[in-house]
Amino acid sequence: METSPAPWIEALRHSHDRLRAVAGPLGLSQLQRPSYAANWSIAQMLSHLGSQAEVFGLLLDAGLSRQDPPGRDMFGPIWQTWDAKSAQAQAADALRADQAVTERFESLDTGQRKRLRLTMFGMDLDTAGLARMRLGEHAVHTWDIAVALDPAATVAPDAVSLLIDALGQLVARTAKPGGPARRWQVSTTTPGRQFTLAASETVTLAAADGDGDGDGDGDEGLPEVGMPAEAFVRLVYGRLDPAHTPPIKARRADLDKLRQLFPGF
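For the sequence shown, position 245 matches number 1216 in the working numbering, and the numbering has no gaps at all.
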């Protein structure tokens, strides 16, 4: 996984620019259309990105001062303010707030990037880790908007190339285990990776040997599934429904069972 903050911050800038290009020209009727999250309009998805931009500003403050992260009691008023905005204000203000927090990440000097530390969700985050959290949310929610306007939209390639190696932490926090213990070998392309995905009382994702032979389940090896890395990122984020699934290679693997591990949202 990339440990330098620079590539993550650069990808954040590209994701912001993509969001502005997609959402900036939208009129009221388009903003009121459902996003990929059917219970959120495009405007509401932008509102979420805008409110979270403010939250990440608070996290940056806490990390730079080596203080505890703000609690949910500080987030509620931010969310309420954004929820009360009109659809057009949600869109315009979200782009401004997102620009502001992106510039804050970009403005961190070398000393600040080295100093920032924050403990959240059981993780000790540095600047790269905090930017990684923002990029994962930002790139995927930008897709939530883009795909509502263009069914062929994909998550930005530069974000995918970074996020693909950071999925293990997300899987451990958000996957929903259930049923008997199971294991799969997952291979991706663009970029090429090999993972072992295991579900029992918890769900884990770990890098695997690249020989493609599997390492369990008798002579035939593990059930195997292969897909573009972009699709695997969306699977883990709960966004690989049948209507948005590219061609998948599967051997003794049920994609629906994989989807059940990652409900998303």
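Glycine residues also receive a C-beta, built at the ideal position from the N, C-alpha and C atoms.
Strand pairing of residue i, partner residues [DSSP]
| i | result |
| --- | --- |
| E1195 | Q1156, R1222 |
| P1162 | According to DSSP, P1162 bridges with nothing at all. |
| A1170 | R1153, V1174 |
| S1018 | Partner(s): none; S1018 has no beta bridge. |
| S1012 | P1005 |
Buried versus exposed, by CB contacts within 10 Å (16 or more), residue i
| i | result |
| --- | --- |
| E1077 | exposed |
| D1115 | buried |
| F1092 | exposed |
| P1194 | buried |
| F1236 | exposed |
| E1201 | buried |
| R1144 | exposed |
| D1032 | exposed |
| A1127 | buried |
| K1056 | buried |
| R1037 | exposed |
| Q1051 | exposed |
| T1159 | buried |
| S1171 | exposed |
| M1045 | exposed |
| S1006 | buried |
Residue i versus the options, residue with shortest Cα-Cα distance
| i | options | result |
| --- | --- | --- |
| G1139 | M1094, W1114, T1160 | M1094 |
| A1119 | P976, A977, V993, T974 | V993 |
| V1173 | K1147, I1013, L1133, Q1051 | With the sequence shown as reference, residue 1173 is identified as Thr, and Val is not the correct amino acid for it. Comparing Cα positions, the closest option is K1147. |
| A1024 | L997, H987, Q1003, R1154 | H987 |
| V1196 | A1055, L1229, V1026 | L1229 |
| Q1061 | D1080, L1020, G1047 | L1020 |
| G1042 | A1055, K1056, V1026 | V1026 |
| D1080 | R1222, I980, A1110, R1153 | I980 |
| A1179 | A1214, F1166, A1170 | F1166 |
| R1075 | P976, P1213, Q1001, V1111 | P976 |
| G1175 | L997, I1219, P1217, F1233 | The question names Gly, but residue 1175 in the sequence shown is Thr. The residue with the shortest Cα to Cα distance from T1175 is F1233. |
| G995 | V1157, V1204, T1113 | T1113 |
| D1064 | K1085, A1152, M1016 | M1016 |
| L1030 | A1177, A1123, R1210, T1090 | T1090 |
| P1249 | L1226, K1220, P1151 | The question about residue 1249 has no answer, for the chain in this structure spans 972 to 1236. |
Own chain, CB closer than 7 angstroms to residue i, minus 5 neighbours either side, in chain order
| i | result |
| --- | --- |
| R991 | L1066 |
| D1097 | L1087, R1088 |
| W1053 | S1018, G1021, S1022, Q1061 |
| R984 | T1073, E1077 |
| D1039 | A1033 |
Contact set for residue i: own chain, Cβ-Cβ below 6 angstroms, skip 5 residues either direction
| i | result |
| --- | --- |
| A1137 | M972, R1103 |
| R1223 | P1194 |
| D1182 | Any reading at D1182 must be qualified, since the residue scores a pLDDT of 44, below 50, and its modelled position is unreliable; the value itself is stated next. Excluding residues within five positions, none has a Cβ falling inside 6 angstroms. |
| F1203 | T1159 |
| T1125 | E1201 |
| G1028 | V1072 |
| T1161 | P1199, A1200 |
| G1100 | none |
| A1152 | S1171 |
Neighbourhood of residue i by C-beta, 8 angstroms cutoff - its chain only, sequence neighbours within 5 removed
| i | result |
| --- | --- |
| Q1003 | S1012, I1013, A1014, A1058 |
| Q1249 | No statement about residue 1249 is possible, as the shown extent of the chain runs from 972 to 1236 and does not include it. |
| L1106 | W979, A982, L983, S986, A1130, L1133, L1134 |
key: beta strand (DSSP E) segments (min. 3 residues) lying fully within the segment 1074 to 1106   = 1089 to 1091, 1094 to 1096
ask   = Enumerated in chain order, which unbroken segments of the alpha helix (DSSP H) with a length of 4 residues or greater are wholly contained in the segment 1032 to 1080?
value = 1043 to 1054, 1058 to 1078
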